[in-house]
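The sequence shown begins at -6 in the working numbering and counts up one residue at a time.
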Amino acid sequence: MTGYGRAEGSHSGMDVTMEIKSVNHRYFEFSARMPRIYSFLEDKIKAFLQGSISRGKVDVYLNIDIVESESGAVKVNASLAKDYFDALERIARECGVANNVTAHDLARYPDVLSLRREIEDEQAVWQAVEPVLREACESLVDMRLTEGERLKKDIDDRMRTILAHVDYVEERSPQTVLEYRAKLEERMRELLENVQFDEQRLLAETAIFADKIAVSEETVRLRSHIGQMRTMLEAEEPVGRKLDFLVQEMNREANTIGSKAQDAELAGRVVDIKSEIEKIREQVQNIE
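Here it is as structure tokens:
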């Protein structure tokens, strides 16, 4: 499901800003953007988010500004700065323009300036980041819950539509047997105009046809799957993958009903059922 959360906070001389974005994805996929010096936080942030999110492509953006830094905390990569300057000189020379680059300009290039942080500072950094992460995550989860309610309503509406089509299929199927019997009897009487009519043969052929097109087992199972899906949609824990399985089973039953349909109206209803199941399948891919 899609969601967005943003939070800021200050701790131990560090101003922390974090944004978390999530979009629909079948599995949990995580990526993070942050200054390289804080890359040790990536696994901690991922583990924290997996406690609240089980599906979705999640992107994290983290920035930490040092408000109070000790003397000598800034490291200058003079060699890299010179490489940048030489490259700019070459560009200016080949393009016939002036190179007006300043030290301030060079300092803005990646990795020219960096902060020295000793290994013992990692816990302090995490203590500054964790509450901001928690707040941003809660905001994102709230947004995902709102979308989840919308998806649940959409799926429930589609299940109601499916059940209405199932009602029609169950009512129409016995009528097709009667219509088949009437047509078969008419044909037999035409073919056997001068021969004694065999009522038992007519009953036997009708029974075979009725058994061939019977869909009561499939419609009962389809109703059962819909009931299970409604129960799962009310659950508190993640049910997305269980819903994936149920949708597959619903589609299997619909295909079987379609293979038994001997009537244009029934076939049309089965197409409608399968269309709604496919739309449910698409929505289920987005559910936690």
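Glycine included, every Cβ here is placed at the ideal spot set by N, Cα and C.
- Taking a 10 Å sphere around the C-beta of residue 138, we find fewer than 16 other C-beta atoms and assign the residue as exposed.
- Sixteen is the threshold: when 16 or more other Cβ atoms of the shown chains lie within 10 Å of the Cβ of residue 218, as they do, the residue is buried.
- The alpha carbon of residue 45 has as its nearest neighbour, out of 214, 136 and 235, the alpha carbon of 136.
- DSSP places residue 132 within a helical segment (H, G or I) once states are collapsed to three.
- If you draw a 10 Å sphere on the C-beta of residue 22, you find fewer than 16 other C-beta atoms in it, and that means exposed.
- With respect to the 8 Å criterion, residue 7 and residue 129 are not classified as neighbours on the basis of their beta carbons.
- Nearest C-alpha to residue 9 among -5, 15, 78 and 27: 27.
- Membership of residue 251 in the alpha helix (DSSP H) is indicated by the continuous run 233 to 253.
- With a beta-carbon spacing of about 21 Å, residue -1 and residue 18 fall beyond the 8 Å limit used to define contacts.
- Rounded to the nearest angstrom, the gap between the Cα atoms of residue 176 and residue 192 is 14 Å.
- Checking the DSSP bridge columns, you'll see residue 56 partnered with 10.
- The three-state secondary structure of residue 16, taken from DSSP, is strand.
- Distance from the CA atom of residue 76 to the CA atom of residue 84, rounded to whole angstroms, is 12 Å.
- Look at residue 141 here: in three-state DSSP terms it is helix.
- Residue 159 is not a Cβ neighbour of residue 259, given a cutoff of 8 Å.
- Sixteen is the threshold: since fewer than 16 other Cβ atoms of the shown chains lie within 10 Å of the Cβ of residue 257, the residue is exposed.
- Cα atoms of residue 228 and residue 56: separation of roughly 36 Å, rounded to the nearest angstrom.
- Here DSSP, grouped into helix, strand and coil, assigns residue 3 to strand.
- 8 Å or more divides the Cβ of residue 208 from the Cβ of residue 236.
- In this chain, the alpha helix (DSSP H) harbouring residue 78 covers 71 to 88.
- In the three-state DSSP reduction, residue 230 falls in the coil class, being neither helix nor strand.
- Secondary structure note for residue 25: its beta strand (DSSP E) is the uninterrupted segment 21 to 26.
- C-alpha of residue 166 to C-alpha of residue 215: approximately 16 Å in a straight line.
- In this structure, residue 144 sits away from residue 105, with a CB-CB distance that is not shorter than 8 Å.
- Its Cα nearest to that of residue 33, the residue 114 stands out among 98, 16, 114 and 43.
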